[in-house]
Ligand code: ZN
């Protein structure tokens, strides 16, 4: 017996529609795009999108311009690796800072937290992450080659290890501590007050200042 199911010839319109992927509307696209922000789920993304479209299109234009500029122009400081739109960031260019003390942090946000919260007036080196061998993040990915070169220039006397107290942060501090001590330099670690597993960025400034002052030499 021949084919039992009847086949109807498709019209050109149907064929064309079938060939194209399902259309995502402009609003839906905006909602999806907003979800790349931390802590923004589908509901907040939808609220933000409708807020911009209903009440604040000017704000929306400004936002899109600012994001476009920032993602194109912001790179990493050539000295400390923090985010900046200049070749060398403002902190590294500040001559009044003490170049003999170098504070190692995981993120630009941690750098700002320490700078605002503790009165530290040395310089920084930003890892932009921490060691995480399972994710393929080794010494090179967090800039330790550059850090070694910096230490070998002979200006730095003390390295303050201000990585977070998560397991990865501790392992990273330990690794860098060994690097520092191999060069007969002083390595110190934020001592107490930082909650276990805490991300430095979220620690209040009093606690942070306390931990910074109470830093101890790495054993
Ligand atoms: Zn810098």
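Numbering (our numbering), first residue to last: 226 to 444.
The beta carbon of each residue, even a glycine, is placed where N, CA and C say it ideally should be.
Inter-residue spacing [alpha-carbon to alpha-carbon] between residue i and residue j
i           : j           : result
residue 237 : residue 247 : 17 Å
residue 374 : residue 368 : 10 Å
residue 288 : residue 269 : 17 Å
residue 394 : residue 296 : 27 Å
residue 387 : residue 362 : 19 Å
residue 410 : residue 310 : 32 Å
residue 300 : residue 241 : 44 Å
residue 180 : residue 278 : Residue 180 is absent from the structure shown; the chain starts at 226 and stops at 444.
residue 407 : residue 324 : 20 Å
residue 433 : residue 339 : 7 Å
residue 171 : residue 255 : This structure does not reach residue 171, given that the chain is present from 226 up to 444, and the question cannot be answered.
residue 292 : residue 258 : 12 Å
residue 298 : residue 290 : 12 Å
residue 316 : residue 348 : 7 Å
Residue span of the alpha helix (DSSP H) that contains residue i, given as start and end
i           : result
residue 296 : 282-298
residue 394 : 392-406
residue 371 : 369-377
residue 304 : It is not in any alpha helix (DSSP H) - residue 304 carries neither H nor E in the DSSP assignment.
residue 241 : 237-244
residue 315 : 315-318
Residue i - containing beta strand (DSSP E), residue span
i           : result
residue 326 : 323-330
residue 386 : 383-386
residue 260 : That residue, residue 260, is in no beta strand (DSSP E); it is neither H nor E in DSSP.
Reduced DSSP category for residue i - H, G, I as helix; E, B as strand; rest coil
i           : result
residue 265 : coil
residue 345 : coil
residue 442 : strand
residue 362 : strand
residue 446 : The requested residue 446 does not occur in the structure, where the chain is confined to residues 226 to 444.
residue 432 : helix
residue 445 : Because the chain is modelled from 226 through 444, residue 445 falls outside the range shown and cannot be assessed.
residue 226 : A caution first: residue 226 carries a pLDDT of 48, below 50, which makes its placement in the model unreliable, though a value can still be read off. Coil at residue 226, not helix or strand.
residue 426 : helix
Residue i and residue j closer than 9 Å at C-beta
i           : j           : result
residue 350 : residue 314 : no
residue 307 : residue 425 : no
residue 405 : residue 396 : no
residue 302 : residue 294 : no
residue 401 : residue 359 : no
residue 440 : residue 381 : no
residue 330 : residue 356 : no
residue 343 : residue 414 : no
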